[in-house]
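Chains as they are written, first to last, in this note's numbering: chain R, 865 to 1356; chain W, 7 to 98. First the structure, in the form of structure tokens, and then the observations on it.
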């Protein structure tokens, strides 16, 4: 099965049902499928071939969802890029995957234009809103074809392209909708960007089961979102810890205000215990799913909601149809209580990092069968005697802030581009709202100010990567071989 | 009064979200959200600034684009909150 058949099948079964609500727009399944087909026809008319890459640089909108399904209908591979991305990084991504098409919107056109100037492979720019006519399309391919590339922060400082086939996505979406017990009567409200796989899968999984997606651009105005939660009788509300913290800051919430809400999900980082308790008070009838995952396999584990009171610190068990286990340095499974690396096995594990064999071979290693690869997550875990998993720490330096992954190296690379910076290190410091706040520690020439540093970063990095704290030092601590000792700074 | 509020808000946005000395680049009615100037944590910083600078209390249900999404909207909103007569009218 291919991913676009989620949409086509729901359009056949429930043509008049609302598929998508975004701002004032409401689209039925039939309308969404028609728009996606018309978008596909336009790509085909521009010469898009099977396997060509289409970069979607849009805010959350009906056009973004249309472009995702439309690209697949045309046999292409899509990559959704965060609309906060600046032109240098967008150009890097366009070149890295040799994108043939860039899809954008007027608000982002200046950045898109600047990036495209430096990306010679891009043959076509499509600007939303779309007004295309459907046309007959050839068979787009089979489920072993690549469907998408998700760019994710890498510890080297350059984003890596997680490469997923249709079969990978169908496996992940099937597993997740199984444990969430998703159904066509569900109404899911998502404020998560479609560039984040957690946000993207809300759209894919709603299409799969024929549910309705309420797609918001952001959680900037919580009162507006909560009004929708109520009026649209939302049954599913995916969160990350920062969203939960913002929600719980609202003073006018009372238990039972949202009687239709069937479940809440949390991923990206663990919820503080106090927040779990307050969410349970506010949404007494809703199941709360604590989950854990990596873009490289979409999702690794979930904690069955009834276990939350028994083991609130656990991230649970492998998602249905997959396996998650802890190994030692030699790759051997370890007994309960022993810390080791988490390994993931299943049809949801990515095929590779796009065009990066070295990085791929560091995380995809031989599995039990000669043809199989398993995912070494780089995260340290242990299990309890009943097999429930507990996150211990990461093996690398990636910082989790606002539910996003930030590579210190990526921020440091940008800091070094600022004249007057001699040394720079970036660490995460605990923050009640953000999870971790980004802190830059720099050794700089006289005259460089905190504002200079932040302004420089804000012009080059997505907002969540911009340091909120800057500390100046005469010099930074070094390891024996002369490298800046980031771990030492983080521990201080 | 409204003019003073606008100036202060413009300066705050310029310094904190645009990282420039002034907010001249933004027009009075431009949507701060659409222009990518403010995001979900930015709006919390803005509310905190308004509360401490003008001594008002922003209620959850007042955190709406109608009140906060442009410099003009913010100035009008703060002005209403500060003027007791207008406040009475609002309540009535």
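Cβ atoms here follow ideal geometry from the backbone N, Cα and C, with glycine treated the same way.
{"Asked": "For residue 41(W), would you say it is in contact with chain R, using Cβ-to-Cβ distances shorter than 9 Å as the test?", "Found": "yes"}
{"Asked": "Which value, in whole angstroms, describes the spacing of the CA atoms of residue 1132(R) and residue 1059(R)?", "Found": "14 Å"}
{"Asked": "Among all the DSSP beta bridges, which residues are the ones paired with residue 892(R)?", "Found": "882(R)"}
{"Asked": "In chain order, what residues of the same chain have a beta carbon less than 6 Å from the beta carbon of residue 1258(R), not counting five sequence neighbours either side?", "Found": "1243"}
{"Asked": "Output, in chain order, the set of chain W residues within a Cβ distance shorter than 8 Å of residue 1115(R).", "Found": "65 and 66"}
{"Asked": "For residue 1104(R), name the three-state secondary structure that DSSP assigns.", "Found": "coil"}
{"Asked": "Against residue 76(W), what residues of chain R qualify as contacts under a CB-to-CB distance less than 9 Å, listed in chain order?", "Found": "Here the premise fails: no neighbours, minimum Cβ distance about 13 Å."}
{"Asked": "In three-state terms, what does DSSP make of residue 870(R)?", "Found": "helix"}
{"Asked": "Which value, in whole angstroms, describes the spacing of the CA atoms of residue 1320(R) and residue 899(R)?", "Found": "40 Å"}
{"Asked": "Under the rule that 16 or more other beta-carbon atoms within 10 Å means buried, what is residue 1235(R), buried or exposed?", "Found": "exposed"}
{"Asked": "For residue 1143(R) and residue 1130(R), what's the separation of their Cα atoms in angstroms?", "Found": "11 Å"}
{"Asked": "Taking a Cβ distance cut-off of 8 Å, strictly less, list which residues of the stretch 1074–1088 of chain R are near chain W, in chain order.", "Found": "1081, 1082, 1083, 1084, 1085, 1086, 1087 and 1088"}
{"Asked": "Less than 9 Å separating the beta-carbons of residue 944(R) and residue 928(R)?", "Found": "yes"}
{"Asked": "What span of residues does the alpha helix (DSSP H) with residue 1226(R) cover, start to end?", "Found": "1221–1227"}
{"Asked": "In this structure, how does DSSP classify residue 1133(R) when only helix, strand and coil are distinguished?", "Found": "coil"}
{"Asked": "If you measure from the beta carbon of residue 69(W) to each beta carbon in chain R, is any gap under 9 Å?", "Found": "yes"}
{"Asked": "Compare the C-beta of residue 1327(R) against all C-beta atoms of chain B and say whether one is closer than 9 Å.", "Found": "This model lacks chain B altogether, as its protein chains are R and W."}
{"Asked": "To the nearest angstrom, how far is it from the Cα of residue 1065(R) to the Cα of residue 985(R)?", "Found": "28 Å"}
{"Asked": "Please decide whether residue 1131(R) counts as near chain W, where near means a Cβ-Cβ distance under 9 Å.", "Found": "no"}
{"Asked": "Measure from the alpha carbon of residue 1184(R) to the alpha carbon of each residue in 1208(R), 1040(R), 1140(R) and 1266(R), then state which is nearest.", "Found": "1040(R)"}
{"Asked": "Within a Cβ cutoff of 6 Å, which residues of the same chain sit near residue 948(R), ignoring the five residues on either side of it in sequence?", "Found": "1326 and 1327"}
{"Asked": "Compare the C-beta of residue 907(R) against all C-beta atoms of chain W and say whether one is closer than 9 Å.", "Found": "no"}
{"Asked": "Please classify residue 23(W) as buried or exposed, where buried requires at least 16 other C-beta atoms within 10 Å of its C-beta.", "Found": "buried"}
{"Asked": "What span of residues does the beta strand (DSSP E) with residue 1273(R) cover, start to end?", "Found": "No beta strand (DSSP E) holds residue 1273(R); the alpha helix (DSSP H) holding it covers 1272–1280."}
{"Asked": "Apply the 10 Å Cβ neighbour rule to residue 1070(R) and answer buried if 16 or more other Cβ atoms are within range, or exposed otherwise.", "Found": "buried"}
{"Asked": "Judging by CA-CA distance, which residue of 1210(R), 1162(R), 1086(R) and 1043(R) is the nearest neighbour of residue 1126(R)?", "Found": "1043(R)"}
{"Asked": "Residues of the stretch 1096–1115 of chain R in Cβ contact with chain W at a cutoff of 9 Å, in chain order, please.", "Found": "1106, 1107, 1110, 1113, 1114 and 1115"}
{"Asked": "Roughly how many angstroms lie between the CA atoms of residue 1031(R) and residue 1138(R), to the nearest whole one?", "Found": "39 Å"}
{"Asked": "Using alpha carbons as the reference points, say which of 1322(R), 1337(R) and 913(R) lies closest to residue 1286(R).", "Found": "1337(R)"}
{"Asked": "In three-state DSSP terms, what is residue 1174(R)?", "Found": "coil"}
{"Asked": "Any Cβ of chain R within less than 9 Å of the Cβ of residue 44(W)?", "Found": "yes"}
{"Asked": "Which residue wins for smallest C-alpha separation from residue 1098(R), given the options 1334(R), 884(R), 1346(R) and 874(R)?", "Found": "884(R)"}
{"Asked": "Going by beta carbon distance, what residues of the same chain come within less than 7 Å of residue 1029(R), once the five residues before and after it are set aside?", "Found": "1007, 1008, 1009, 1010, 1011 and 1215"}
{"Asked": "At a Cβ cut of 9 Å, what residues of the stretch 47–58 of chain W count as close to chain R, listed as they run along the chain?", "Found": "47, 48, 49 and 50"}
{"Asked": "Please state whether DSSP places residue 1187(R) in a helix, a strand or coil.", "Found": "strand"}
{"Asked": "Could you tell me if residue 1161(R) is buried or exposed, where buried requires 16 or more neighbouring beta carbons within 10 angstroms of its beta carbon?", "Found": "buried"}
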